[in-house]
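**Student:** Quick note on the working numbering: the sequence shown kicks off at 2 and runs consecutively.
Glycine residues also receive a C-beta, built at the ideal position from the N, C-alpha and C atoms.
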Amino acid sequence: METTMPASPRARRLRYLVYALLLLLILVSLLLWQTPRLIQRYLPGWLADRYGIHLTLGEIDVSLRHPALTIGFSSLLDDKQQPIVNFDHLQIIPELKTSWQQKRVVLSDVTLTRPVVLVQRLSDKKGDVRLNLTDALATLLAPTPVAQAEPETAPVIVDIGRIALTDGQLAYLDKRKASEPGWVPSVKLDKLALQLEGLSTSEEHLTAYQLAATLNGKSTLSAQGKLDITSGMGQGKASLKQLDIKPFAPLWAPYLKLALTQGNAGAEVEYQLKNGKKGIEWQLSKGKLTLDNWQMKHDKGEEFARFSQLAIAELAVDGNKQSLHIGKITLQQPHLKATINERQELDLAELLLDQPSAKPSKEKKEKPAPASKPWQWQINQIAINKGDITLTEASSGKPLARQLSDLQLSLGPLGSKSEQQSKVTLSTRFNQKSPLAFDGQLTMTPFTLSGEITQQALPLVLAQPYLNDLLRIKVKEGELSSKTKLALATTEQGELNKLTLQGGLDIHTLKVVDRADNQRLLEINDLKLTGLDYDGISQKMKIKDVALTKPFARIEINENGVTNIQQLLLTAPASAKGKAEVSQSKNNKAAPAFQFTIDELRTEQGNLRFADRSLSQDFVADIASLGGQSRHISNIPGQRSELSLNGKVDRYAPVTIRGGTNLLVADPVLDIAVAFNNLELTTFTPYSGTYAGYAIDKGQLSVKLHYKLEGKRLEGDNDITIKKLQLGEKIKSEQAKDLPLGLAIALLSDANGVIQMNLKVKGNLDQPDFSLGNIFWDVLGNTLSKAITSPFSLLASLAGGSEDLDEITFLPGDPDLTQTQQEKLTKLAQALKDRPKLSMNIRGKVNFNEERPILQRQKLERALAKLTGNQVDLDLLEQDKDMQDALAQAYEDRFGEDLGDLADRLHLDEKSAALRAQAVALLQEQQLITAKSLRNLAMRRAQNTKEFLVDAQGITPERLFVLDSQVKEEDKEAKVVLTLDE
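#1: Tell me, please, which residues DSSP counts as bridged to E605.
#2: Going along the chain, which residues of its own chain have a beta-carbon closer than 8 Å to the beta-carbon of M2, five neighbours each way excluded?
#3: What are the boundary residues of the alpha helix (DSSP H) that R836 is part of?
#4: So which of K825, A268, K338, N342 has the shortest CA-CA distance to V977?
#5: Starting from the C-beta of Q890, find all residues in its chain whose C-beta is less than 8 Å away, skip the five residues before and the five after it, and write them out in chain order.
#6: Verify whether the separation of the beta carbon atoms of L760 and I809 is less than 8 Å.
#7: Along the chain, where does the alpha helix (DSSP H) that runs through V921 open and close?
#8: Relative to the alpha-carbon of A554, which residue among L522, D874, Y535 has its alpha-carbon at the smallest distance?
#9: Mapping DSSP to helix, strand and coil, what is V157?
#10: Can you tell me the Cα-Cα spacing of S406 and Q382, whole angstroms?
#11: Touching or not, the stretch 278-288 and the stretch 243-254, by the rule of three or more beta carbon pairs under 8 Å?
#12: Using a Cβ distance threshold of 8 Å, determine whether the stretch 111-126 contacts the stretch 167-174, with at least three qualifying pairs required.
#13: Which two residues bound the contiguous alpha helix (DSSP H) that contains G955?
#14: Exposed or buried, what is Y892 when buried is set at 16 or more other beta-carbons lying within 10 Å of its beta-carbon?
#15: A517 and R473 - do their beta-carbons sit closer together than 8 Å?
#16: Let me know the secondary structure DSSP gives M445 once reduced to three states.
#17: When you compare only the Cα positions, how much space is there between S586 and L471?
#18: Report the CB separation of G562 from S615 in whole angstroms; it is logged as a contact under 8 Å.
#19: Quick check on this structure: which residue in L900, S934, N498, K933 has the alpha carbon closest to the alpha carbon of A918?
#20: Whose CA, out of V462, Q421, S428, N432, lies closest to the CA of L446?
#21: From S934 to P792, what distance separates their C-alpha atoms?
#22: Tell me which residue opens and which closes the beta strand (DSSP E) that F896 is part of.
#23: When we look at the beta-carbon of R853 and count the other beta-carbons within 10 Å, is it buried (16 or more) or exposed?
#24: Put P45 into one of helix, strand or coil per three-state DSSP.
#25: Enumerate in chain order the residues of its own chain whose CB-to-CB distance from Y272 is below 6 Å, with the five nearest sequence positions on each side excluded.
#26: Taking the straight line between their C-alpha atoms, what separation do you get for V86 and A239?
#27: Got a sec, what are the start and stop residues for the alpha helix (DSSP H) W184 sits in?
#28: Taking its Cβ as the centre, do 16 or more other Cβ atoms sit within 10 Å of D965, making it buried, or is it exposed?
#29: Have a look at Y43 and G73 and give me their C-alpha separation to the nearest angstrom.
#30: In the DSSP assignment, find the beta strand (DSSP E) that holds A517 and state where it starts and stops.
#31: Following the continuous alpha helix (DSSP H) through P687, name the residue where it begins and the one where it ends.
#32: Going by DSSP, what residue range makes up the beta strand (DSSP E) through R122?
#33: Should F595 go down as buried or exposed, given a rule of 16 or more other Cβ atoms within 10 Å for buried?
#34: Using DSSP's beta-bridge definition, name the partner residues of M297.
#35: Take the Cβ of L354 as the centre, count every other Cβ of all protein chains shown within 10 Å, and call the residue buried at 16 or more, exposed below.
#36: Could you check whether the stretch 258-273 touches the stretch 193-201, counting it as contact only if at least three pairs of C-beta atoms, one from each stretch, sit closer than 8 Å?
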């Protein structure tokens with residue numbers, strides 16, 4: 002019998018191991034087969050009991066032949082059983098062999114189908130942010146007690162060949178009130194697709210990724226690049242297209258009071274994140290931001306801004322270098338509407354909402370952090386195309402729209418570098434008509450702006466609303482064109498330290514009327530200003546030349562004696578005065594006084610119309626063809642202008658103006674000469690009718706005026722020449738002086754019918770009733786009155802003498818002219834020859850008391866002459882024996898006694914001279930002299946005067962009239978009285 006040898010211990014151990022492995026395999030197979038079901042059955046309940054997590058798991062499938070894990074539709078729910086996260090299908094394909102070999106988790110593919118994530122922002126709790134997802138996982142995410150530190154081990158590395166997320170959806174919903182801080186409108190990503198290639202958790206491993214989604218159902222979001230999962234570093238590019246901005250309006254609602262009715266946005270950018278020596282370094286490059294078709298309205302629904310596109314191109318940001326670079330910013334077809342009210346408040350300022358001030362913190366204040374390095378920025382170009390700005394302002398009291406259309410702007414480069422110059426070009430049209438352009442340079446730090454401003458055909462009627470409350474004028478027509486150079490600069494502190502304007506301007510067809518009568522007040526066909534140099538800091542302006550072509554101005558005195566110039570300035574409203582006072586009080590720094598100088602002001606074909614309607618008839622005179630120049634016009638004390646003008650009054654009478662003046666300083670000066678030649682006097686009938694009571698039928702006037710003004714003292718010299726003056730009909734006027742103008746004209750007119758006068762006037766401008774016209778007419782009236790009341794004084798002056806010629810004094814009892822009297826009459830005759838219109842009256846006079854005895858003596862002498870037969874002169878009585886005998890006979894004949902009887906009574910010697918003197922006296926007293934005798938003496942004197950003037954001096958007798966001589970006892974002079982008639 003054959004006996005069996007027992008197995009060796011090694012063989013038994015091997016057999017037992019095989020049995021154990023077989024059993025283990027059976028157990029593992031059973032475990033793998035039942036585990037997914039167990040997990041699906043018990044895991045949600047365990048999570049709910051332990052962590053409060055509500056999870057529903059779909060079918061779990063584990064494939065062993067081709068290792069894979071698949072999970073069906075699963076969902077994470079909140080406390081209200083609302084889904085937070087769910088997906089339709091999750092598949093994980095591991096690489097077990099590779100994982101075993103490489104000692105890491107290696108997955109070849111992870112696919113997630115239709116994932117949906119709904120993130121909700123819940124009401125904050127004690128200032129902490131709450132989300133539905135964090136609330137659902139709160140217990141799981143709660144911090145655990147700190148366990149004893151375990152030795153650090155190397156983390157398990159996970160490699161995934163590909164991760165694919167398809168047809169996903171991510172939504173964010175803020176459940177709080179829209180008024181709460183940080184509220185964000187709903188955001189939803191649809192059609193989300195994400196793919197990661199070659200993902201690994203090893204350090205510095207870059208994973209390629211691609212992302213695509215639709216934002217809020219319209220916008221396209223895409224991104225691609227490489228990402229380090231462990232550090233978050235990487236690089237790539239992202240883009241967003243056609244994002245509707247309107248739903249995001251609540252984001253700026255706390256800051257801006259406006260309604261965005263439409264608008265899209267798009268962006269593209271390349272980015273790079275990497276670890277550097279100083280931390281994370283990040284860069285954005287090739288960035289592009291586009292805003293399309295934006296429209297913004299006020300809360301009342303009125304549009305105030307819109308544009309077709311705002312594009313920012315070539316955007317680059319370097320966080321490490323703290324630099325920002327933009328290649329170009331382009332704004333297409335912007336339209337802006339703004340309003341400035343009567344209080345100078347801009348309505349766009351109301352768009353900014355006041356923010357509540359931060360409450361002071363009770364915590365201990367920390368030391369301020371050191372100032373960080375300032376960012377450097379650069380914008381190569383800013384462009385605005387086809388812009389339109391409408392500004393409605395009411396500073397004039399009435400809303401007025403001003404428009405800048407077809408706005409084109411090019412600006413750049415701009416940057417943070419100090420003193421970097423930028424080219425600026427701007428062109429637009431004001432109110433769609435007047436071109437406006439600027440071409441220059443701009444510096445941001447410190448701020449400077451310089452360039453050329455060109456403006457054409459700006460309607461001056463636009464200024465009318467601003468003049469309504471200031472001047473009583475209306476601008477009906479006119480265009481302004483200018484070409485100037487502007488230079489503006491500030492200090493580093495922002496204070497203005499330079500403001501200059503140089504160039505020139507033109508005004509074409511200016512027409513201004515007086516609103517009181519709608520009659521033209523000022524017209525200029527062309528005004529050309531050149532050589533403008535204005536300094537706004539020193540407040541000095543210099544103009545090289547101003548040329549006026551065909552200017553017209555009207556100066557008029559109304560019925561009340563007030564000029565239209567005085568009435569042009571209107572009284573400012575109380576509100577305007579208040580604003581001016583407030584503005585002045587705010588401006589504490591006194592500005593320098595404004596000074597200006599005009600080198601030359603030229604006038605060509607000018608016309609000045611003067612009208613005086615305060616007279617009985619309207620007076621109107623034109624100074625036409627006015628031309629010339631005024632040099633060195635200034636408001637600087639000590640300087641005066643040189644004036645030289647020529648013109649014609651009423652087309653034919655030449656006028657010249659020469660001299661120097663400065664009426665623009667506190668103490669004005671004037672030294673000016675004006676000459677008029679051959680001005681028709683009929684034009685002045687309104688003045689002669691008002692002040693003299695007569696019309697002027699004929700005559701011409703030439704005047705040379707010389708006026709000087711020193712401070713407030715005015716002196717004038719008026720040389721007046723009048724030719725062939727003839728008065729017309731009499732005119733009733735209460736202001737007329739009762740003067741015999743005919744006689745005055747005859748007195749003043751020479752043989753050629755010419756009147757020459759020199760009138761000197763003086764006045765003080767400080768006197769309330771000062772009026773140059775009144776002074777002149779007073780002086781003229783006084784001159785005429787003096788000529789009429791003292792005509793012979795005037796004739797004496799004309800004859801070259803100073804004595805009066807109105808009287809010729811005679812020797813007592815003598816009617817004959819002495820040599821002295823004849824010389825006096827000769828001078829008078831010469832004056833009469835020079836005044837052919839004058840006629841003269843001659844009236845003889847006697848000295849009643851003194852000439853009667855003389856006539857008695859003369860009559861006695863004639864009686865004695867008859868007795869002697871010879872002429873008798875009683876002065877020669879003692880030398881003439883015959884005269885003595887005749888005297889004795891005459892005495893005896895008259896008294897009936899001889900001289901001896903008289904001698905006995907008087908106790909005189911009969912042969913004495915005393916006795917004869919007594920006889921003469923007694924006989925003289927007996928001579929009868931009547932008034933007729935005295936009248937005859939006076940008449941002989943008048944007749945002798947006329948005969949001398951006619952026979953010896955050639956005065957025509959029809960100009961001389963001998964008047965009746967009426968003798969009166971009160972007559973005390975032996976003379977001839979002369980009076981004049983016209």
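**Tutor:** Looking at the atomic coordinates:
#1: Position 604 of the sequence shown, counting from 1, holds the residue named residue 605. Residue pairing by DSSP places E605 opposite T550 in a beta bridge.
#2: Counting from one through the sequence shown, the residue named residue 2 turns up at place 1. Per-residue confidence for M2 stands at a pLDDT of 42, beneath the threshold of 50, marking its modelled position as unreliable; no derived number is given.
#3: The residue you call residue 836 lines up with position 835 of the sequence shown. Looking at the DSSP string, R836 is not in any alpha helix (DSSP H), and its letter there is neither H nor E.
#4: Counting from one through the sequence shown, the residue named residue 977 turns up at place 976. Nearest of K825, A268, K338, N342 to V977, Cα basis: K825.
#5: On the sequence shown, residue 890 is found 889 positions in, with the first residue counted as 1. Within the same chain, Q890 has close Cβ partners L868.
#6: Residue 760 sits at position 759 when you count from the first residue of the sequence shown. Residue 809 sits at position 808 when you count from the first residue of the sequence shown. Their beta carbons are not under 8 Å apart, which means L760 does not touch I809 by this criterion.
#7: Taking the sequence shown and counting its residues from 1, the one referred to as residue 921 is at position 920. Segment 914-926, the alpha helix (DSSP H) holding V921.
#8: For the purposes of this step, residue 554 is taken as residue 553 along the sequence shown, with counting starting at 1. The option with the nearest alpha carbon to A554 is L522.
#9: Position 156 of the sequence shown, counted from the first residue, corresponds to residue 157. In the structure shown, V157 sits in coil (DSSP, three-state: anything other than H, G, I, E or B).
#10: Position 405 of the sequence shown, counted from the first residue, corresponds to residue 406. Position 381 of the sequence shown, counted from the first residue, corresponds to residue 382. Taking the straight line from one Cα to the other gives about 21 Å.
#11: With a cut-off of 8 Å, the stretch 243-254 and the stretch 278-288 do not count as touching, because too few Cβ pairs lie within range.
#12: They touch, by the three-pair rule.
#13: Here the question's residue 955 lines up with position 954 in the sequence shown. Neither: G955 is in no alpha helix (DSSP H) and is coded neither H nor E.
#14: Against the sequence shown, residue 892 aligns to sequence position 891. By the beta-carbon neighbour count (other beta carbons within 10 angstroms, threshold 16), Y892 is buried.
#15: Start at 1 with the first residue of the sequence shown, and residue 473 comes out as number 472. Start at 1 with the first residue of the sequence shown, and residue 517 comes out as number 516. Contact: yes.
#16: Reading the sequence shown from its first residue, position 444 is the one you call residue 445. Residue state, collapsed to three classes: coil.
#17: Position 585 of the sequence shown, counted from the start, is the residue given in the question as residue 586. Position 470 of the sequence shown, counted from the start, is the residue given in the question as residue 471. Reliability fails at S586, whose pLDDT of 48 lies under 50, so the model's placement of it is uncertain and the value that follows must be treated cautiously. Straight across, the Cα-Cα distance linking S586 with L471 is about 22 Å.
#18: Mapped onto the sequence shown, residue 562 falls at position 561. Mapped onto the sequence shown, residue 615 falls at position 614. So it is a contact: roughly 5 Å between Cβ atoms.
#19: Residue 918 sits at position 917 when you count from the first residue of the sequence shown. Ranking L900, S934, N498, K933 by Cα distance to A918 puts L900 first.
#20: The residue given as residue 446 occupies position 445 in the sequence shown. Correcting the residue identity first, residue 446 is Thr in this sequence and not Leu. Comparing Cα-Cα distances from T446 to each of V462, Q421, S428, N432, the minimum goes to Q421.
#21: Position 933 of the sequence shown holds residue 934. Position 791 of the sequence shown holds residue 792. Approximately 32 Å, taken between the alpha carbons.
#22: Residue mapping note: residue 896 aligns to position 895 of the sequence shown, counting from 1. Careful: F896 lies outside any beta strand (DSSP E), inside the alpha helix (DSSP H) at 882-896.
#23: Position 852 of the sequence shown, counting from 1, holds the residue named residue 853. Per the 10 Å Cβ criterion, buried.
#24: Along the sequence shown, read from residue 1 onward, the residue named residue 45 stands at position 44. Three-state DSSP puts P45 in a helix.
#25: Position 271 of the sequence shown, counting from 1, holds the residue named residue 272. L285, listed in sequence order.
#26: In the sequence shown, counting from the first residue as 1, residue 86 sits at position 85. In the sequence shown, counting from the first residue as 1, residue 239 sits at position 238. When rounded, the distance between both Cα atoms is 26 Å.
#27: Within the sequence shown, numbered from 1, the residue matching residue 184 stands at position 183. No alpha helix (DSSP H) holds W184; DSSP gives it neither H nor E.
#28: Taking the sequence shown and counting its residues from 1, one reaches residue 965 at position 964. D965 should be labelled exposed.
#29: Within the sequence shown, the letter at position 42 stands for residue 43. Within the sequence shown, the letter at position 72 stands for residue 73. Each residue's Cα considered, the two are about 16 Å apart.
#30: The residue given as residue 517 occupies position 516 in the sequence shown. Where A517 is concerned, there is no enclosing beta strand (DSSP E), given that its DSSP letter is neither H nor E.
#31: For the purposes of this step, residue 687 is taken as residue 686 along the sequence shown, with counting starting at 1. P687 -> alpha helix (DSSP H) spans 686-692.
#32: To locate residue 122, count along the sequence shown from 1; it is residue 121. Note, R122: beta strand (DSSP E), 117-126.
#33: Residue 595 sits at position 594 when you count from the first residue of the sequence shown. Exposed, by the Cβ-count rule.
#34: To locate residue 297, count along the sequence shown from 1; it is residue 296. In the DSSP output, where bridge partners are listed per residue, M297 has L261, A306.
#35: Reading the sequence shown from its first residue, position 353 is the one you call residue 354. Exposed is the call here.
#36: no
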